[in-house]
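Residue numbers (my numbering): -6 to 388. The beta-carbon is built from N, C-alpha and C at its ideal position, and this holds for glycine as well. What follows is a single structure, written as structure tokens, with notes after it.
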Ligand SMILES: Cc1ncc(COP(=O)(O)O)c(C=O)c1O
């Protein structure tokens, strides 16, 4: 299949048209070999030596993701965190890095507690404001600008093209955590980013049954070679079966992301202005601060992720939010996102000290259930929380 002649939906559905030369099978086998045969003349003509660096089980998933992101190459990692931290580990101690104040909390913790001890100068800024990026960037010293858009858990929006222009003028690379929009809704490389990162655990796989990460590069430059070394030497790789599962999950990516986005939009509109809801945070709402930028750089929807701030009851907003989550019957109380099942969580309980999440905030990952069922379940949970009903006890 020529990825330049067909639409992304066709690339994903057929995993780039893969057919096994020998058996004519239309899905790839799972290679589990950890090592590869050396030729008698001491060469490795296969190009593969050892699976920590060269696992053929990754090839097709990496090729599909490269095509969907319109990049030059992709690499799978053991997790989203392994992919993200590899980017920072490929920098040099002393390098200056800009990261958003609102971002995936575990990576923010790692940047604050590990990367800084390792010598990176990490500065957290309001990445949604190009003027703040312009003021913080240090020409020659800033080596990386990290973007997440829409960003966990407030779903703030960063203008990728404007930020990349400022970063590039200062000589910095731009990496975008595009886990939430996926290539279905946003193509960061086309907007000027140098690297795209995914927690493939989420929408790319889509079934809450594996942990994986990925990076995609716009060009195979010296930094990409360093990233390959980081992966091979630290061993941040995933198993073959997980790579195969990911490839299977990606075949339905477009259908899943579009359906989740449609439902999230309907849920956001339904609860916006609702008597029991203080605020709905979702870039698809015309009133959202990042809506106009999101409308420009997201195509076909605003993702399946949104947050509700629950109106304070007699015990306050935090108690009302926790009580609402306690009363859901269809939504699952669990962390993570991007699966077929809808998830709800009281986010500040997860993130702990230093979280930008208000204590009345519930983060919602909208899955593939009937949207009317999802709305009805949230409605009854809000009513029960307001009445102060006792939640069902765990079995
Ligand atoms: C936006 C985002 N980035 C990165 C990660 C980290 O991915 P993983 O859990 O696969 O390490 C997550 C996980 O929740 C995430 O939501």
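Using CA coordinates, which residue listed in the options is at the minimum distance from residue i?
i: residue 163; options: 155, 191 and 170; result: 155
i: residue 60; options: 79, 285, 323 and 176; result: 176
i: residue 89; options: 213, 160, 256 and 25; result: 160
i: residue 189; options: 130, 363, 168 and 120; result: 168
i: residue 55; options: 186, 193, 158 and 380; result: 193
i: residue 121; options: 380, 139 and 105; result: 139
i: residue 47; options: 64, 254 and 28; result: 28
i: residue 124; options: 144, 99, 146 and 157; result: 157
i: residue 368; options: 266, 338, 307 and 261; result: 261
i: residue 80; options: 216, 305 and 263; result: 216
i: residue 371; options: 318, 342 and 386; result: 318
i: residue 71; options: 283, 256 and 229; result: 229
i: residue 313; options: 126, 362, 101 and 270; result: 270
i: residue 96; options: 111, 132, 141 and 68; result: 141
i: residue 183; options: 13, 63 and 41; result: 63
i: residue 105; options: 78, 252 and 9; result: 78
i: residue 170; options: 102, 73, 113 and 111; result: 73
i: residue 246; options: 212, 349, 17 and 57; result: 57
i: residue 75; options: 307, 87 and 226; result: 226
i: residue 119; options: 17, 22, -3 and 130; result: 130
i: residue 111; options: 134, 85, 128 and 102; result: 85
Within the present structure, is the beta-carbon of residue i separated from the nearest heavy atom of ligand 1 by less than 6 angstroms?
i: residue 74; result: yes
i: residue 204; result: yes
i: residue 145; result: yes
i: residue 43; result: no
i: residue 149; result: no
i: residue 196; result: no
i: residue 97; result: yes
i: residue 257; result: no
i: residue 121; result: no
i: residue 54; result: no
i: residue 172; result: yes
i: residue 192; result: yes
On the DSSP bridge assignment, give the partners of residue i in chain order.
i: residue 116; result: 91
i: residue 28; result: 43
i: residue 298; result: 358
i: residue 326; result: 337
i: residue 170; result: 141 and 190
i: residue 66; result: 210
i: residue 230; result: Residue 230 pairs with nothing; no bridge assigned.
i: residue 149; result: 144
i: residue 135; result: 89
Answer yes or no: do residue i and residue j have a C-beta to C-beta separation smaller than 7 angstroms?
i: residue 207; j: residue 235; result: no
i: residue 178; j: residue 298; result: no
i: residue 360; j: residue 195; result: no
i: residue 82; j: residue 209; result: no
i: residue 302; j: residue 354; result: yes
i: residue 243; j: residue 65; result: no
i: residue 374; j: residue 339; result: no
i: residue 264; j: residue 276; result: no
i: residue 174; j: residue 153; result: no
i: residue 98; j: residue 274; result: no
i: residue 337; j: residue 357; result: yes
i: residue 117; j: residue 94; result: yes
i: residue 316; j: residue 272; result: no
i: residue 203; j: residue 238; result: yes
i: residue 172; j: residue 191; result: yes
i: residue 92; j: residue 115; result: yes
i: residue 449; j: residue 352; result: What is shown of the chain runs -6 to 388, which leaves residue 449 out entirely.
i: residue 166; j: residue 187; result: yes
i: residue 231; j: residue 30; result: no
i: residue 233; j: residue 42; result: no
i: residue 150; j: residue 250; result: no
i: residue 334; j: residue 325; result: yes
i: residue 53; j: residue 240; result: yes
i: residue 406; j: residue 21; result: Past the edges of the chain, shown from -6 to 388, lies residue 406, and the structure says nothing about it.
i: residue 350; j: residue 146; result: yes
If we cut at 7 angstroms on Cβ distances, does residue i have a partner in chain B?
i: residue 214; result: Judged by its chain identifiers, the structure shown contains no chain B, having just a single protein chain.
Which runs of the alpha helix (DSSP H) fall wholly inside the region 173 to 208 and span at least 4 residues, in chain order? Look at the region 173 to 208 and you find these whole runs of alpha helix (DSSP H), each 4 residues long or longer: 175 to 178.
Which ranges does the alpha helix (DSSP H) cover as unbroken runs of at least 4 residues, wholly within the region 267 to 311, from first to last along the chain? Given a length threshold of 4 residues, each whole run of the alpha helix (DSSP H) inside the region 267 to 311 is given here in chain order: 284 to 290.
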